[in-house]
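J.: Pasting a structure below so you can have a look.
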Amino acid sequence: MEALISIVIAVLTGCGIYLALRGRTFPVILGLTLLSYAVNLFIFVMGRLQSGVPAVISSRDQYTDPIPQALVLTAIVIGFAMTAFMLVLALRARSELGNDHIDGKNTREETPR
Amino acid sequence: MSHLVIAPILLPLITGLILLLMPERHRMRTHLLSMFSVFALMVISVLLIIKAGRGEFVVYALGNWAPPFGIVLVLDRLSAIMMLLSSTLAFFSLLYTTDEKAPQVSPHFHSLAHFLLTGVNGAFLTGDLFNLFVFFEILLLSSYALLMQAGSARRAKAGLHYVILNVTGSAIFLIAIATLYGLTGTLNMADLAVKVAAADADTAPFIGIAALLLFIVFGLKAAIFPLYFWLPAAYSSAHGPVAALFAIMTKVGVYAIIRVYTLIFGNDAGELSNILLPWLWPLAFITLILGAIGALGARELRVQISWLVIVSVGTLLTGVALNSETALSATIFYLLHSTWICAALFLLTDLIIRQRGDAEDRITSAPEMRQSLLLGGLFFVAAISVIGMPPLSGFVGKALILQAATGPQTPWIWAGILLGGLAVLTALSRSGSTIFWRMENHVVTAPAADIWSVIAILGLILFSFGLMIFGNQVIAYTNALAEQVLHPQPYIQAVLGHIPVKGN
Amino acid sequence: MTDNSIVEIITAIFLLIGGLFALLGSIGLARLPDFYMRLHGPAKATTLGVGGVLIGSMIFFSTHSEGFSLHELLITLFLFITAPISAHMVAKAALHIHLPYVKRTRGKPW
Amino acid sequence: MTLILIILLPLLGACLPLATEKFGRTLCAFSAALGPAISLALLLWHLPTVLAGGSFIYDHSWLPLLGLDLSLRLDGLGMMFGLMITGIGLLVILYTRYYLSPRDSLGKLYALLQIFMMAMLGIVISNNILLLIVFWELTSLASFLLISYWSVQSDARKGARMALTITGAGGLALLGGALLLGKIVGSFNLTEILASGELIKNHELYPVALILILIGAFTKSAQFPFHFWLPHAMHAPTPVSAYLHSATMVKAGVFLLARMYPALAGTDLWFYIVSSVGLFTLVFGAYTALFKHDLKGLLAFSTISHLGLITLLFGLNSQLAAIAALFHIINHATFKASLFMTAGIIDHETGTRDMRRLNGMWQFMPLTTTLAMVAASAMAGVPLLNGFLSKEMFFSETLNLNTSGYLTWLVPLLATFAGIFAVAYSYRFVYEVFFGGKPVDLPKYPPHEPPHYMIAPMAILVVLCVVIGMFPNLTIAPFLHAAGLAVLGSDMPDYKIAIWHGFNLPLLMSCIALAGGLLLYYQRKGLFAFYERQYRRDEKVMFEARIQRSEQLAQQLTEKFENGSLQSYLVWFFGMVIVLGASQLLFIDKLTGSVAAAPVDAVSVVMAIVMMVGAVGTVLIHHNRFAALLLLSVVGLVVSLIFIRFSAPDLALTQISVEVVTVVLMMLALYFLPQVTPNESGPLKVSRDIVIAGSIGTGIGLLCWAILTRPYETIADYYLANAVSGGGGTNVVNVILVDFRGFDTLGEITVLTVAAMGIYAMLRKLRLPPPPNPDGTEHVWAKEPSPPVLMVLARLLLPLALMVSTYIFLRGHNLPGGGFIAGLITSVALILQYVASGNDWVQERINWRYRNVAAIGVLIAAATGAGSWLFGYPFLTTAFTYVTWPIVGKFELATALIFDIGVYVTVVGSTLVILSYLGRLSHFNRHAHIKSLSSGDN
Amino acid sequence: MGWRKLLPHPALSVFMWGLWLLLINDISAGHVVLGAFLGWFIPWITYPFWPESTPVRKPLVVMRFLSRVVVDILVANYVLMLRIIGPTRNLHPAFLTLPLDVQNDFTITILASTICLAPGTVSANLSNDRKSLLIHVLNVSDVEMAITDIKRRYEAPLKEIFECS
Amino acid sequence: MLVTAIPIAMFMVSLAIVLNLWRLVIGPSLPDRIIALDTMYINTIALLIIYGVYQGSALYFEAALLIAVMGFAGTVALSKYILRGDIIE
Ligand code: NA
Ligand code: NA
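Structure, rendered in structure tokens:
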């Protein structure tokens, strides 16, 4: 299971970074979202893989590590805020630059107004 | 128990929130409240400096949970002086915006500035690595928002690059934190120091990865080669007061590098002792050189000053890389100086832009400025200081760092700092003489600079003067600071030995 | 056979039926020839499948812990309210962009 | 204390002229003279003691931790220079009063002159080498401003910049050298440094320190190859040249040689460097001076030459030579200052300094002519004038070299050669200006004698030349002796200044020089032609070109890195990650740790594949943006399943809610963006990106595997043990969020609020039409805003969703749930209303200012945290209690719940700010669009 | 009208009360009180979103309608599923236009939903004048029959429940 | 009985999810993809519920409920995007 999750994280990271290296705002944001999934999973599994033992105090005596979970929660929220900001920034950039290229390059399919 | 330690975080936070609730039309009221709050913050930082100056650590356990289980704030000499720096910087940057006619300040400027301060001060105070991440995000997001206050193509592009790079950096930050937690099971920096020092040969290399990844994150904030590329565009496209506020942000990166690589991966970190040092000094050196080259080639004053920020980062990290008390002390001294002066220069450039019509701050001939003598005089003084010429603080800072250089890389460091200084001198003499002297015969009809704006710039320059005049007291403080930072055992004991308030 | 095992069998049957319907719905989605036909599988079968599973769960938890466990009903209710609207909305979207349909379809959309 | 006054008085005097300027030029001049006059008086007051071999010391601690102290010492050398600085300074002040045209600000020039004077005095009476450097750099800065006094002239600006750059560079080198000296000696106190000559010279760092300090001295004294700034500094007003470029600024360099003489001189290295630089400069300067047509140009190169002479003398490592050098410093100051003043007078009266146009001036200004002739003769080394005396000493020293080899004959030969040229250019100066025919169209005609007060300073200096030349022992000897004592200490040699030493070799050399000079001048035609052919390069143009070239190079190099391409920046960033990561990962012997891996089940594998297909699919399909968004949602969905699978229901709840809100956001944004990503990356770029992405992905995967197979000790047990007893909740994750690490949560909701504010600010006034299709057509959208079926159902769902939200909120402390998720559910329910019924419709029903809602939420959370202060606990300390009410029964009241309400309110507020303002964007644009359409109709 | 403002949707309130108890899986006194409070509070606060009251008449017809729908869903689904996995060539899809007798948006919504849930039919579109509903049928032999069948089975009872006046 | 039934049921649902993914990837139209995603959400609910029974834990119920709510909201928004482009107007 550890290998499987490692592979999943690896693939997510790779895909995220590949997309983050594209030239248009939208795919880049998609890529960063993928990357944040990978990162969240990475943080999460740092508490090691535990099946069926949520961190809710009950009669069981085995628990999962709650700290990484709390960290992931915070990371998810912050990631959401960042994604939202980036999206609006992408709109702002298209408005100012006339296209959605990350460097504001004028290309064929859209001319600045 | 004293809650003063948390005030530098909560005061700006609450001020920022209240400012959000105030109606936009009450511009002056907003401004006054904002100024009052920053002023109070300045007073608080002075009190904290006095407190920290005694050499004790003030540990504030949030939620009254004993470290390492809860989050702690730790006040030591380093965090105290950094907060003084941030609050003074904020005070003058905000003071600068008093001018009613200034076009740029959007309604949320003040609250965003306060949120930025929250993030900055939080980063300085926290003793918890993940909490550091959270405060980094607060300050980053505030800075994004401040940068994007108003539209322009240039700003949009710079903002996009800045944000995307930093979001990527945050991902790496999280991976590093998670790795550390996954191997040591703790987030408290003092506790991490203990655990990292005790790491065996099996886990140490993986902790090492985290250590180096953290450096990438901090290096991105601090703007070190090859991670600074976002900075010139971002800083130079920001409005003057915003850019001035930004002067503190690279210093947060520098602070984090100092903190983490002395406390956690410092001299006592066992297998991982000083893991950063082989990387740090060459990169710092290249940063210094490329920054100076950038300043030499800049075509706009704003861009040039942004490069000066990079030069100062290179200089600072060179000092850090020397890993000695004298060097660290010199570094902190230089840090204070360079932050104040770069901020003053950014503010000044804003005034220049307003009086130069369409030429803005391009280093070309332009119509005469309305107050060219005043602005030129201020520029001259600030430039002298930033170049590191006497009699201003830059000279002392530079001399201190040169003095502190030891070891085989000394010739490089000397060459870097001295030649960098020469490049900056050449660059600034060109831009200054062009902007203030190469004037066309007519004057742009622009309003005269607001008196408060001038006072703000003067204030920052005066702080630089103060560093020179009270230099000995400052150096005494930074010496003690360096001693404290480079011998982290008392810090660790203070944090891990902290006992919560009874009764909970 | 104890009470417990009877409950288990009933639970198992509901779970299997639910799973089967879910699978069938998805098979429909996967293999039917045009969009409008594919829409039918998920709109009903899957919903029904989940309903089956939820009933299985309800039975299981009502017998394995103190008191009834009826809150699964809420999910069922919710799904039965929303699934049709989802299907309606997607169908409307498909009509808007004039998705093609198989030739033998009688009638014409408007 | 008086020593400080000596330095500071001119500075105080700097303010006076600015203030008195408007009351008249004379008063202005008097006020300017006040400070230096008192300084001079103070110096004279100290004079007897100093002449007797004593010195005054003032010590005040300033920055002892740096080694920079306010330490002053007035000894013979300092006295000699001090008198020169203040004395000539006063003369220059007087001269300036008449020189400067009324158009220019007299006060400003005086102020700058006085600042300069202060710095210069500081240099000569510093007893701390760092303090000396402080003043040293101040002279550079002041001279920069003085040279660029007429800053509208491009040449003045360029000259000033050149001077600043060169002398500034020298200053930096000097700083380096001084710091090295400090390192060697352990002190920056000059007294101590000068006393440690042996220690210094035997130190391994001596060569470095020496070279650095010499660079400082040579740049300031315009020694080859740093000489070229001086001729271009001639764009300064002539009084400035008279002061800076004869008596003071350029003398600072040779002063430094004198000052550091005990510490640095006496070695072979010193000899070879200093004497050869001096020699070359001497010859080169003298040679070049002859060909300059500009009066001040001639004087500038002559100055260079004379400074070379002085340097050469210091370089000879002989005590007598040092004395000669000191002597020549004084002599040069007197005659050169007066000659510059002459040049100024000529310029002032005729409007030109070009010797080809100036002829026969003696007819118009006989007095000036007389004085200039005397001064020029002193410069040429004519007997009975002071220049002759020091030159004789110089010649004799060149003959007494204590080295062997070619230098023994080369040095005297070249010295004579330079002497010949000196005579020639001196003669040329006099002959071509004052005699030799009629002036050629002068801008001002006819010229006449300047005011008496303008001649007076010059006359005083000329008189000094004569007096010193005729009665050296009565006048200059005591000063020279005192200065020599300061430089040479007890090694003072026996020497005698005499006009007549008998017939000897030096006299012969003088005679050769005089005769040869005159001969040379009359045979100059061929030489001038030769010079014009050989030597046509202009240093200023070259320097400017070099600076511009370096600026261009800097720009090109900068743009290599700073190319404005985010992709390139990201590649650098990820490259760093790869390099640093690999630096550790590649040297690991054991990747897999000791902990056994858990078994894999089929469903997990299937879901992992689903997720990876989703991720890879997003990449492959990303050109079709909407489809990519859908595939991304699959990844998000499976992420939440993984959270469930490994016991994190809270995470799953959060993930799934955030996921949907994010997708909605992305769609809102996508509306305004092209629907298709063009194919822009070439195969090279694609493969590069694949390599980067693949490496980092692999690295992270390996790291993850390595960590997961290793044991770790965690502090988790503490939380599990204390969650109920200390935090009052059984859901440990939630207790961590609102209690143990509540501060993180406070930060997190702050982030959310700030994001909302930032987004609001960015969207204000944003006008953005949706882009056309790639084929140029407009999208065809449905006409009807919302299907009624959806509207009805959405409204029905609202209370339901609120109920669920309440449920999730209330149970959060004990079971999965909590304020954040509840807030998102509420937001989604409200967003659904926006989607179904439109902005206006919802706005009619809830007209909250969402921004305020968000802020209030954070305030609630912060206030809850601060509440614990009332009970003497730190921020965010929670309290909880179990309350029993009739009917209701026992339930828990916890401050954490209020905190969580804050979280809830913030989430609702900020999410709605973001979504509703983004939704409103199209609203604005549509209205704008309609308006433009209707106006187009009219 | 005072009580209308205070308790806008009594039926909904009762429904929500039950829902709360269902959610919480607990009928302790505390939750009964809390549920009652929420049952009142939530409809009250969301009142602006749903101001018109939809009085439900004829509970008997409601029950009959509901049971018919449930049976249809269960039984007909089975048949339908067999067709889905069977050869798709035998399916005879059609678009039907259902002329609407019901006028109320709410009733139309319920009808459309019911048609969607009912096996083999999906309500695909509602005309702008709300007079007809477009339905896609997966497999139909007689188009007219299907339309009248739908009208009889679903539209008529709904009209009776919500709209007969 | 339950021990064998649960894996089978889970596997069937997983298979269903794979089929949904298949449809989602190949499309061909956007509505196809939307409905595939929607179905995947619903199948996920089934998977979760079965897993809850398997673990004997009611802690997964909320997640299932939330997936239902969010899946619906998502589908509605996606459809509206195709219809109007502007999902909040
Ligand atoms: Na929770
Ligand atoms: Na919209």
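Protein chains in written order, with the numbering used here: chain Y, 1 to 113; chain L, 1001 to 1504; chain R, 2001 to 2110; chain Z, 3001 to 3938; chain S, 4001 to 4165; chain G, 5001 to 5089.
Glycine included, C-beta positions come from ideal geometry on N, C-alpha and C.
#1: Could you pull out every unbroken alpha helix (DSSP H) segment of at least 4 residues lying fully inside the region 1163–1250 of chain L, listed in chain order?
#2: What does the alpha-carbon distance come out to for the pair Z/W3705 and Z/F3643?
#3: Got a sec, what are the start and stop residues for the alpha helix (DSSP H) Z/M3249 sits in?
#4: For Z/M3393, which residues from the same chain have a beta carbon less than 6 Å from its beta carbon, with the 5 sequence-adjacent residues on both sides left out?
#5: Could you give the first and the last residue of the continuous beta strand (DSSP E) run that contains G/D5032?
#6: Does the CB of G/R5033 have a neighbour CB from chain Z at under 8 Å?
#7: Which of helix, strand or coil does DSSP assign to Z/H3060?
#8: Keeping to the same chain, check which residues put their C-beta closer than 8 Å to that of Z/A3866; ignore five residues upstream and five downstream.
#9: Please state if the CB of Y/L71 and the CB of Z/T3618 are separated by a distance shorter than 8 Å.
#10: What is the DSSP secondary structure of Z/D3347, reduced to helix, strand or coil?
#11: Looking at Z/G3076: is its Cβ nearer than 8 Å to the Cβ of Z/A3486?
#12: Quick one: does S/M4081 have its CB under 8 Å from some CB of chain R?
#13: Please classify S/V4071 as buried or exposed, where buried requires at least 16 other C-beta atoms within 10 Å of its C-beta.
#14: Within the same chain, show all residues whose beta-carbon is closer than 7 Å to that of L/L1348, passing over the 5 residues directly before and after it, in chain order.
#15: Would you call the CB atoms of Z/M3343 and Z/K3296 closer than 8 Å?
#16: For the putative contact between L/L1481 and L/R1077, defined by C-beta atoms under 8 Å, what is the C-beta separation to the nearest angstrom?
#17: First and last residue of the alpha helix (DSSP H) that includes Z/I3147?
#18: Just the Cα atoms here: how many angstroms apart are Z/L3257 and L/V1320?
#19: Starting from the C-beta of G/A5064, find all residues in its chain whose C-beta is less than 7 Å away, skip the five residues before and the five after it, and write them out in chain order.
#20: Alpha carbon to alpha carbon, how far is Z/L3008 from Z/L3298?
#21: For a contact defined as C-beta to C-beta under 8 Å, what are the partners of Z/S3647 on chain Y?
#22: Closest to Y/L144 by CA distance: which of Z/I3914, Z/S3922, Z/R3920 is it?
#23: Please report the distance separating the alpha-carbon of L/L1277 from that of L/L1467.
#24: Go ahead and label Z/P3771 buried or exposed: buried means 16 or more other beta carbons lie within 10 angstroms of its beta carbon, across all protein chains shown.
#25: Residues of chain L with CB closer than 7 Å to the CB of Y/E96, please, in chain order.
#26: Which of the three DSSP states, helix, strand or coil, is assigned to Z/V3905?
#27: Can a CB atom of chain R be found closer than 8 Å to the CB of S/N4077?
#28: Runs of 4 residues minimum, wholly inside the region 1304–1384 of chain L: which ones carry the alpha helix (DSSP H) assignment?
#29: Drop a sphere of 10 angstroms on the beta-carbon of L/G1497, count the other beta-carbons inside from all chains shown, and report buried for 16 or more, exposed for fewer.
T.: Reading off the structure:
#1: 1189–1197, 1204–1222, 1230–1237
#2: Here residue 3705 of chain Z refers to the residue found at position 705 when the fourth sequence is read from its first residue. Here residue 3643 of chain Z refers to the residue found at position 643 when the fourth sequence is read from its first residue. Roughly 18 Å between the two C-alpha positions.
#3: Here residue 3249 of chain Z refers to the residue found at position 249 of the fourth sequence. 3249–3264 is the extent of the alpha helix (DSSP H) around Z/M3249.
#4: On the fourth sequence, position 393 is the one that residue 3393 of chain Z refers to. Cβ within range, chain order: A3324.
#5: Taking the first residue of the sixth sequence as position 1, residue 5032 of chain G is located at position 32. Not the beta strand (DSSP E): G/D5032 falls in the alpha helix (DSSP H), residues 5030–5055.
#6: Against the sixth sequence, residue 5033 of chain G aligns to sequence position 33. So, interface residue.
#7: Position 60 of the fourth sequence, counted from the first residue, corresponds to residue 3060 of chain Z. Three-state result, Z/H3060: strand.
#8: Here residue 3866 of chain Z refers to the residue found at position 866 of the fourth sequence. Same-chain partners within the cutoff: F3875.
#9: One-based indexing of the fourth sequence puts residue 3618 of chain Z at position 618. One-based indexing of the first sequence puts residue 71 of chain Y at position 71. Their beta carbons are not under 8 Å apart, which means Z/T3618 does not touch Y/L71 by this criterion.
#10: For the purposes of this step, residue 3347 of chain Z is taken as the residue at position 347 of the fourth sequence. Note: Z/D3347 maps to helix in three-state DSSP.
#11: Taking the first residue of the fourth sequence as 1, we reach residue 3076 of chain Z at position 76. Taking the first residue of the fourth sequence as 1, we reach residue 3486 of chain Z at position 486. Result yes, Cβ atoms of Z/G3076 and Z/A3486 sit closer than 8 Å.
#12: In the fifth sequence, the residue the question calls residue 4081 of chain S occupies position 81. Judged by the 8 Å Cβ criterion, S/M4081 is in contact with chain R.
#13: Position 71 of the fifth sequence holds residue 4071 of chain S. The residue is exposed, with fewer than 16 neighbouring Cβ atoms inside 10 Å.
#14: The residue labelled residue 1348 of chain L in the question sits at position 348 within the second sequence. Correct list, in chain order: L1375, L1378, F1379, A1382, I1457.
#15: Here the question's residue 3343 of chain Z lines up with position 343 in the fourth sequence. Here the question's residue 3296 of chain Z lines up with position 296 in the fourth sequence. Here the sequence assigns Ala to residue 3343 of chain Z, which means Met is not the residue at that position. A contact, by the Cβ cut-off of 8 Å.
#16: As a position in the second sequence, residue 1481 of chain L is number 481, starting the count at 1. As a position in the second sequence, residue 1077 of chain L is number 77, starting the count at 1. Indeed they touch by this definition, with Cβ atoms about 4 Å apart.
#17: Along the fourth sequence, one-based indexing puts residue 3147 of chain Z at 147. Z/I3147 -> alpha helix (DSSP H) spans 3129–3147.
#18: Residue 3257 of chain Z sits at position 257 when you count from the first residue of the fourth sequence. Residue 1320 of chain L sits at position 320 when you count from the first residue of the second sequence. Z/L3257 and L/V1320: Cα-Cα distance of roughly 36 Å.
#19: As a first step, residue 5064 of chain G is located in the sixth sequence; it is residue number 64 there, counting from the start. If we look at G/A5064 and ignore the five residues flanking it on each side, its Cβ neighbours are I5045, L5048, I5049.
#20: For the purposes of this step, residue 3008 of chain Z is taken as the residue at position 8 of the fourth sequence. For the purposes of this step, residue 3298 of chain Z is taken as the residue at position 298 of the fourth sequence. Straight-line Cα distance between these residues: approximately 35 Å.
#21: Here residue 3647 of chain Z refers to the residue found at position 647 of the fourth sequence. Per Cβ cutoff of 8 Å: Q50, S51, G52, V53, P54, A55, T64.
#22: Since the first residue of chain Y shown is 1 and the last is 113, residue 144 of chain Y is not available in this structure.
#23: Translated into the one-based positions of the second sequence, residue 1277 of chain L becomes position 277. Translated into the one-based positions of the second sequence, residue 1467 of chain L becomes position 467. Roughly 29 Å separates the two Cα atoms.
#24: Position 771 of the fourth sequence holds residue 3771 of chain Z. Buried.
#25: Locating residue 96 of chain Y in the first sequence gives position 96, where the first residue counts as 1. What Y/E96 touches in chain L: G1151, S1152, A1153, A1156.
#26: Your numbering for residue 3905 of chain Z matches position 905 in the fourth sequence. Helix.
#27: Here residue 4077 of chain S corresponds to residue number 77 of the fifth sequence, with the count starting at 1. Output row for S/N4077: interface = yes.
#28: 1325–1355
#29: Locating residue 1497 of chain L in the second sequence gives position 497, counting from the first residue. Exposed, because fewer than 16 other Cβ atoms sit within 10 Å of the Cβ of L/G1497.
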